[in-house]
Each structure stands twice: as structure tokens, then as C-alpha cells.
Amino acid sequence: MTFREIYKSLRDLLRSASESAGTEALLLLSHVTGMTKERILLCFEDQIDDISSERILELARLRLSGFPLQYITKKCYFYGLELDIEDGVFIPRVETEVLVDLALDLIEREDLKTVLDVGTGSGAIAIAIALNSHCKVYGTDIHEKAIYIAQRNAKKYNAEITFLKGPFLEPVKGFLKEIDLVVSNPPYVSTSANLSKEVLKEPSNALFAGKEGIDFYRKFFADRSLLKGKDVIMEFSPEQVDHLREICFFGKISFFHDQFGKIRFFHVKV
Ligand SMILES: C[S@@+](CC[C@H](N)C(=O)[O-])C[C@H]1O[C@@H](n2cnc3c(N)ncnc32)[C@H](O)[C@@H]1O
Numbered sequence: 392m393t394f395r396e397i398y399k400s401l402r403d404l405l406r407s408a409s410e411s412a413g414t415e416a417l418l419l420l421s422h423v424t425g426m427t428k429e430r431i432l433l434c435f436e437d438q439i440d441d442i443s444s445e446r447i448l449e450l451a452r453l454r455l456s457g458f459p460l461q462y463i464t465k466k467c468y469f470y471g472l473e474l475d476i477e478d479g480v481f482i483p484r485v486e487t488e489v490l491v492d493l494a495l496d497l498i499e500r501e502d503l504k505t506v507l508d509v510g511t512g513s514g515a516i517a518i519a520i521a522l523n524s525h526c527k528v529y530g531t532d533i534h535e536k537a538i539y540i541a542q543r544n545a546k547k548y549n550a551e552i553t554f555l556k557g558p559f560l561e562p563v564k565g566f567l568k569e570i571d572l573v574v575s576n577p578p579y580v581s582t583s584a585n586l587s588k589e590v591l592k593e594p595s596n597a598l599f600a601g602k603e604g605i606d607f608y609r610k611f612f613a614d615r616s617l618l619k620g621k622d623v624i625m626e627f628s629p630e631q632v633d634h635l636r637e638i639c640f641f642g643k644i645s646f647f648h649d650q651f652g653k654i655r656f657f658h659v660k661v
């Protein structure tokens, strides 16, 4: 079988699972053969060995069962960075890049020095901020595997970040005074939401936050005396905007849109 033939069968197979089946087919071919996409295109008429073609079809079946491509290739992309990712850790979304832009603007405007990323996952937000500012950055998560992957990603980019395991502000309570800005893309999906089988392969404690998806915000701001004087920027789901106005009644809350025109982020000074 040639590369062209396997590319075509893969692409046709993946059409039912993905809108970008051609790109995914090339990424899978590249993942299994270790060849770059450009090289594969140049070798389209060459024969692919049987072991690789069997492995590729096996992975295509996994992909068709709803397993995200990023968990198969163990790579994801965020803010121009290629990050490691593994099954069990949330896959960063392109919308969240705008949260990083908002944080970097505020850091520059207010000359902020220390940032905490709560629920850091793969470390995507923390690493993008550390590499694009002079801030000292901390990242926390309740999930051991997320901390491990975040540390690996930070090391890959020489980003000096301290990652700590634990819920909400608990891991940093000894030096909370030091922190100027808290950023977070927390779990904010309603438990009754109808999610695709692909999204459901991601860890549920990264996604769900109660009936209305607002449990994280409620708990986070419950003891806001700890946050006095700090800036907070978080991501949320558009239908939660009135809940957030109510939860953040204590301060001036501002809302911002994502790149698709949806209201998606808020800033509040506690
Ligand atoms: C939606 S994911 C975001 C991950 C990453 N910040 C990103 O944007 O790609 C939410 C993350 O918050 C973590 N998490 C959930 N509840 C938490 C809590 N109470 N305290 C700290 N982290 C939490 C999850 O383990 C998950 O990694």
C-alpha cells in the first residue's frame, strides 16, 4: 500500500468523526511513521510498511470511537506552543488564548508581578503567561497527572513555574499575599449538558461544576477575604453571565468576548 492509498482510506474513514479528516489523517500518519507532514506528502507514491499501516488503522478505529486526536498523538497546541498532553488531562481550547491576552494586557497596564493559574491542567495558561511576561507564575490543580504534565511542559520551554497540588487557593495559602493576579479556566459545564462523546473522554472533574456549571465560582469566591485587593480573570460559559454578576456582587465586574464573538471571560477586582 502506498502513502497516498493509506492517506485516502484514513481520510475517508475519519470523515464521520472529524470536520478536518484530511489533516487528522496526515497527523496520524506522521505520528506513527515519525515523518513530518511535508515529508509524507513528498513520499506519497512510496510504499508504507505493513506494521505502520496496521498501527495507523488501529489508531483510526480508536479515533472513530471518539478518542480525541490529541490523546492519540499526545500533542496539543496553545498560544504558539506545542504541549505534551495525555489521556486524563484537559485539552486546552483555542478560546482560552484570549484569557492569556487579557491577563498579559492587565499585567502590563498594572505592572503586576505574580500570577496564579488555578486548575492549570497541562499548564497551558501558566506557561503562555510565564513566557510572555516577567511575572513569577504559580499553577495549581487537584489532579496529580495534570501537575506532572504541566511540569513536563514548563521544562520543555524553560518556563520557571511552581506547580502545586490542591484545591482552589489551598496550595498557596501560605504566600497568598504575594499574588497579584489569579487566572483560571475552571470546570464550568452543567451536569445536564449534552456533550459529544469526544469531550466526554476528557476528565469529568475538569469539565463539570454542578447543575448550572457554577459550583467552582461559588466555592472560589465564598471566602473572598483571602482575595482582597487581587485581580481575578476567569473563563465561563455565556449563559452563566447573570450568575457571575450575582456571585461577584462585591466588585466591579467586566466581561469580555472570545474570538468567536461569545461572552466568555470576566475580570473582577476583589
Ligand atoms: C477546564 S480544565 C482547564 C485546564 C487548563 N487551565 C486549560 O485551560 O487548558 C480545569 C482544570 O481545573 C482542575 N480543577 C478542577 N477543580 C479544581 C479545584 N477545585 N481546584 C483546583 N483545580 C481544579 C481540573 O483538574 C482541570 O485540570
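First residue of the sequence shown: 392, per the numbering used here; consecutive thereafter.
Using N, Cα and C, we set each Cβ at its ideal position, and we do this for glycine too.
Original post:
Does the distance from the CB of T505 to the CB of E569 come in under 8 Å?
Top reply: A contact, by the Cβ cut-off of 8 Å.
Original post:
Taking DSSP as the reference, what is the three-state secondary structure of T487?
Top reply: Helix at T487.
Subject >> Cβ-Cβ separation, V485 to A519 (assumed contact under 8 Å), whole Å >> reply: Actually they are not in contact, since the Cβ atoms of A519 and V485 sit about 12 Å apart, beyond 8 Å.
**OP:** Taking 8 Å as the threshold, find out whether the segment 613-629 comes into contact with the segment 649-656 through three or more Cβ pairs.
**Re:** Touching, per the Cβ criterion.
**OP:** Ignore the nearest five residues each way along the sequence and tell me which others in I431's own chain have a CB closer than 8 Å to its CB.
**Re:** Within the same chain, Cβ atoms closer than 8 Å to the Cβ of I431 are found at F394, Y398, L417, L420, S421, T424, the five residues on either side in sequence being excluded.
Original post:
Excluding the five sequence neighbours on either side, which residues of its own chain have a C-beta within less than 6 Å of the C-beta of L618, listed in chain order?
Top reply: Excluding residues within five positions, the ones whose Cβ falls inside 6 Å are V661.
Subject >> Pairwise C-alpha distance: K556 and Y608 >> reply: Answer to the nearest angstrom: the Cα atoms are 19 Å apart.
Subject >> Buried versus exposed call for D441 [16 or more other C-beta atoms within 10 Å across all chains shown] >> reply: D441 is exposed by the Cβ-count criterion.
**OP:** Taking the CB atoms as reference points, tell me whether K602 and T582 lie closer together than 8 Å.
**Re:** Yes. Within cutoff.
Original post:
Between the C-alpha atoms of V574 and E429, what's the straight-line distance to the nearest angstrom?
Top reply: In a straight line, the C-alpha of V574 is about 38 Å away from that of E429.
Original post:
Are the segment 541-558 and the segment 522-530 in contact at 8 Å, needing three or more beta carbon pairs?
Top reply: The segment 541-558 is in contact with the segment 522-530.
Original post:
Can you find a heavy atom of ligand 1 that lies under 7 Å from the Cβ of F647?
Top reply: Short note on F647: C-beta not closer than 7 Å to any heavy atom of ligand 1.
**OP:** Give the range of the beta strand (DSSP E) segment to which G514 is assigned.
**Re:** Element bounds for G514: n/a, residue is neither H nor E.
Original post:
Do E396 and L405 have their C-beta atoms closer together than 8 Å?
Top reply: No; because the gap between Cβ atoms is not below 8 Å, this pair is not in contact.
Original post:
Since I624 is in the beta strand (DSSP E), which residue starts that stretch and which ends it?
Top reply: 622-626 is the span of the beta strand (DSSP E), which, as asked, contains I624.
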